[in-house]
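Trainee: Please read through the structure below; I'll follow up with questions.
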Amino acid sequence: MRKNIVAGNWKMNTTLPEGVKLAEQVNAALAAATPKCDVVICVPFTHLATINQVIDKTKLGLGAENCADHKSGAYTGEVSAPMVASTGATYVILGHSERRQYYGETSETLRDKVRLALDNGLAPIFCIGEVLEQREDGSYLNVVKTQIEEGLFNLSAEEFGKIILAYEPVWAIGTGKTATADQAEEMHAYIRQTIESKYGKEVADNTSILYGGSCKPSNAKEIFSKPNVDGGLIGGAALECESFMGIVNAF
Ligand code: PEP
Numbered sequence: 001m002r003k004n005i006v007a008g009n010w011k012m013n014t015t016l017p018e019g020v021k022l023a024e025q026v027n028a029a030l031a032a033a034t035p036k037c038d039v040v041i042c043v044p045f046t047h048l049a050t051i052n053q054v055i056d057k058t059k060l061g062l063g064a065e066n067c068a069d070h071k072s073g074a075y076t077g078e079v080s081a082p083m084v085a086s087t088g089a090t091y092v093i094l095g096h097s098e099r100r101q102y103y104g105e106t107s108e109t110l111r112d113k114v115r116l117a118l119d120n121g122l123a124p125i126f127c128i129g130e131v132l133e134q135r136e137d138g139s140y141l142n143v144v145k146t147q148i149e150e151g152l153f154n155l156s157a158e159e160f161g162k163i164i165l166a167y168e169p170v171w172a173i174g175t176g177k178t179a180t181a182d183q184a185e186e187m188h189a190y191i192r193q194t195i196e197s198k199y200g201k202e203v204a205d206n207t208s209i210l211y212g213g214s215c216k217p218s219n220a221k222e223i224f225s226k227p228n229v230d231g232g233l234i235g236g237a238a239l240e241c242e243s244f245m246g247i248v249n250a251f
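The numbering used here applies: residue 1 is where the sequence shown begins, and numbers increase by one.
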């Protein structure tokens, strides 16, 4: 059966010493706990190798927030999937709405990134979600379906089995506005149905679908109680150990 997962997305926050301290705090909190979910932190590239040394990977997974759409070569400033994997990281966030919006990431680019991530043993946390206008004009289900079809449906069923999905309504990211638990459940159930229509029930049932968007200790329990919500991708609240653990402990 699918796993429950709480993953932090630190975005472009923390210097290296600050990030190492936060990772150490989360690691210590997890050592003293028995969480009912897998816990992952996705951190800036510059932090990966060092944080990999200070955490217990049996309790805390490590991921990057992006990777390049090429394996190697003349792409100044980019960081490839093999480079990420060589730090010890085993996850990578792909297609976050901030990457789609500010850095022009398209489904085509994302297909290349997903392929490279999988080829290098990284589990993609693949983000999808509608903007406010699409929520309001009623096209949100179709928008998300298209993102999944275009970004992922070239994969074999075995490959798709390695994908973690994160539904993040863009209007809820960093805004303090959370989707209601019912809004999240409607979308997550629809996503699972979409997966089932392509890959069958077993693959759909085994896919972890996380919710992201202003998730906090105060609302996580209700959102995670929904049958198709398998955890969360957490931005702001992942930047403090106490609030991140509050969400982990919502399971
Ligand atoms: C995110 O960026 O993945 C996210 C969910 O951010 P926040 O929790 O801050 O809304």
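Beta carbons are placed, not taken as given, at the ideal position from N, Cα and C, and that holds for glycine.
Please read these numbers as outputs of a predicted model, since none were measured by experiment.
Tell me which residues share the same chain as Leu110 and place their Cβ nearer than 7 angstroms to its Cβ, disregarding the 5 neighbours each side in the sequence.
Mentor: Residue mapping note: residue 110 aligns to position 110 of the sequence shown, counting from 1. Cβ within range, chain order: Leu94, Gly95, Gly151.
Trainee: What alpha helix (DSSP H) runs, 4 residues minimum, are completely inside the stretch 189-244?
Mentor: Taking only runs of at least 4 residues, the alpha helix (DSSP H) segments lying wholly in the stretch 189-244 are 201-206, 217-224.
Trainee: Can you look up Asn9 in the DSSP assignment and give me helix, strand or coil?
Mentor: Residue mapping note: residue 9 aligns to position 9 of the sequence shown, counting from 1. In the three-state reduction of the DSSP assignment, Asn9 falls in the strand class.
Trainee: Starting from the C-beta of Ala220, find all residues in its chain whose C-beta is less than 6 angstroms away, skip the five residues before and the five after it, and write them out in chain order.
Mentor: Reading the sequence shown from its first residue, position 220 is the one you call residue 220. Correct list, in chain order: Ile247, Ala250.
Trainee: Is Ser214 near the ligand PEP, going by C-beta to nearest heavy atom under 7 angstroms?
Mentor: Position 214 of the sequence shown, counted from the first residue, corresponds to residue 214. Remark: the shortest separation between the CB of Ser214 and any heavy atom of the ligand PEP falls under 7 angstroms.
Trainee: Smallest Cα separation from Val20: which of Ile209, Val54, Asp182, Val170?
Mentor: As a first step, residue 20 must be located in the sequence shown, where it is residue number 20. Among Ile209, Val54, Asp182, Val170, the Cα nearest to that of Val20 belongs to Val54.
Trainee: Restricting to Cα atoms, I'd like to know which of Ala33, Asp230, Pro35, Asn66 is closest to Leu48.
Mentor: Stepping through the sequence shown from its first residue, residue 48 is reached at position 48. Measuring from the Cα of Leu48, the nearest candidate turns out to be Asn66.
Trainee: Does the stretch 216-231 come close enough to the stretch 175-186 to have 3 or more Cβ pairs within less than 8 angstroms?
Mentor: The stretch 216-231, when compared against the stretch 175-186, does touch it at the 8 angstroms Cβ threshold.
Trainee: May I ask whether a heavy atom of the ligand PEP can be found less than 7 angstroms away from the beta carbon of Leu233?
Mentor: Counting from one through the sequence shown, the residue named residue 233 turns up at place 233. Result yes, Cβ under 7 angstroms from the ligand PEP.
Trainee: Could you give the distance in angstroms between the alpha-carbon of Gly236 and the alpha-carbon of Ser156?
Mentor: Taking the sequence shown and counting its residues from 1, one reaches residue 236 at position 236. Taking the sequence shown and counting its residues from 1, one reaches residue 156 at position 156. Linking Gly236 to Ser156 through their CA atoms gives a straight-line distance of about 34 angstroms.
Trainee: For the ligand PEP, any of its heavy atoms closer than 7 angstroms to the Cβ of Glu168?
Mentor: Residue numbering aside, residue 168 sits at position 168 when the sequence shown is read from its first letter. Yes, the beta carbon of Glu168 sits closer than 7 angstroms to at least one heavy atom of the ligand PEP.
Trainee: Does the pairing of the stretch 123-133 with the stretch 95-108 give three or more beta-carbon distances under 8 angstroms?
Mentor: yes
Trainee: Compute the minimum distance between the beta carbon of Ala237 and the heavy atoms of the ligand PEP, and state whether it is under 7 angstroms.
Mentor: Position 237 of the sequence shown, counted from the first residue, corresponds to residue 237. Checking every heavy atom of the ligand PEP against the Cβ of Ala237, one is found closer than 7 angstroms.
Trainee: Compute the minimum distance between the beta carbon of Lys145 and the heavy atoms of the ligand PEP, and state whether it is under 7 angstroms.
Mentor: Numbered from 1 along the sequence shown, position 145 holds the residue referred to as residue 145. No, the ligand PEP has no heavy atom inside 7 angstroms of this Cβ.
Trainee: Going by the C-beta, is Ile173 closer than 7 angstroms to any heavy atom of the ligand PEP?
Mentor: The residue labelled residue 173 in the question sits at position 173 within the sequence shown. Yes, the ligand PEP has a heavy atom inside 7 angstroms of this Cβ.
Trainee: Where does the unbroken alpha helix (DSSP H) through Gly19 begin, and where does it stop?
Mentor: Along the sequence shown, read from residue 1 onward, the residue named residue 19 stands at position 19. Counting along the chain, the alpha helix (DSSP H) containing Gly19 begins and ends at 16-31.
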